[in-house]
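Each residue of the sequence shown is one higher than the last, beginning at 512 in this note's numbering. All C-beta atoms in this analysis are idealised placements derived from N, C-alpha and C, irrespective of residue type, glycine included. What follows is a set of notes on a single structure, which appears directly below.
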Amino acid sequence: MRRNEAAAAPDDPLLRPLSARSVVLSLLLGTHPPELPAKELGRLVGGFDVGGSTLRAALSRMVAAGDLRRTDAGYRLSERLLERQRRQDESVRPRTRAWDGDWELVVITATGRGPAERAGLRARLAALRLAELREGVWLRPANLERRLPAGLDEVAECCAARPGRPGRPAAELAASLWPLDAWSGTARELLGHIGRAARPADRLTVFAAVVRHLLADPVLPPGLLPDDWPGGELRAAYAGYRRELTGEVRSRVGGA
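Written out as structure tokens, the structure is:
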């Protein structure tokens, strides 16, 4: 069986230094609607150690790359990145339902696809919090309130199933599909970083790592998780930071 990566690889730094682009995206991804006046965006990023000339260059590149749209009011996330914002929002408040023991099962049936197409499909399935049991066979507990994307049925068969061997607990299967102990350990490390980060730039760096980690949370039913699972605590910490950041954005824009 494959263990699906839910934590940063050992050679990846947990906290990545944020570029001007990362700071702008972090602010807009956390803003609803995701648009800010240019002047206020400049004031906000200044609090995260991004200078004016650096910001202007980053904004020009982001518009050219299709990350942002220039509007009469300022800058707005492109349609392409609205899906990323939706996923980020759901990582904080995943929509779940009581689990009755069924699993979602997705079996890839399409053939003749090139490497790029196969990689894109794998990324889409992982983003749906599915795990790969073996090549072309993906599954997860059916406890998420969400629709599978349009077009998936053109390349795969989707159904409900109850996998497992007689006498094998479902929690054992879940532990074979996701590195739950590794995810939990990284989450606790991030919680420690949150407690130590005081400067705005440092806090934004930590919470950017928190978002990345929450996006990799499999959001399993409680009965399939190890004891003392820190997912809820990490979500609560991020939700508090987002309220703090939203308040800062509103005070800046409202006071303009």
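Assigned secondary structure, residue i (DSSP; H/G/I helix, E/B strand, else coil)
i    : result
E668 : strand
W689 : coil
L701 : helix
V617 : strand
R606 : coil
L655 : strand
E759 : helix
L650 : strand
R458 : A question about residue 458 goes unanswered here, because the residues of the chain that appear run from 512 up to 767.
A519 : Confidence at A519 is low in this model, with a pLDDT of 37, below 50, so the placement of that residue is unreliable and no value is reported for it.
L644 : strand
A747 : helix
R679 : coil
Exposure label - residue i; buried when at least 16 CB within 10 Å
i    : result
H724 : buried
A519 : Below a pLDDT of 50, predicted positions are generally treated as unreliable, and A519, at 37, falls in that range; the measurement from the model is reported next regardless. Classification for A519: buried.
T582 : exposed
N654 : buried
E683 : exposed
D578 : buried
A531 : buried
M512 : Bear in mind that a pLDDT of 48 at M512, under 50, signals an unreliable position, so the number given afterwards is only what the model happens to contain. The residue is exposed, with fewer than 16 neighbouring Cβ atoms inside 10 Å.
E628 : exposed
P626 : exposed
G742 : buried
A576 : exposed
A584 : exposed
Element boundaries [beta strand (DSSP E), containing residue i]
i    : result
V574 : From DSSP, V574 is part of no beta strand (DSSP E) but of the alpha helix (DSSP H) over G563 to A576.
R581 : L579 to R581
L529 : Careful: L529 lies outside any beta strand (DSSP E) and carries neither H nor E.
R587 : G585 to L588
Start and end residues, alpha helix (DSSP H) containing residue i
i    : result
P544 : Looking at the DSSP string, P544 is not in any alpha helix (DSSP H), and its letter there is neither H nor E.
L639 : Unbroken run through L639: none, as it is neither H nor E.
R710 : Segment: none, R710 is in no alpha helix (DSSP H) and carries neither H nor E.
8 Å contact criterion, which residue i and residue j should meet: CB distance rounded
i    : j    : result
E615 : A667 : Not quite, the Cβ-Cβ distance comes to about 11 Å (not below 8 Å), so this is no contact.
V717 : A708 : 5 Å
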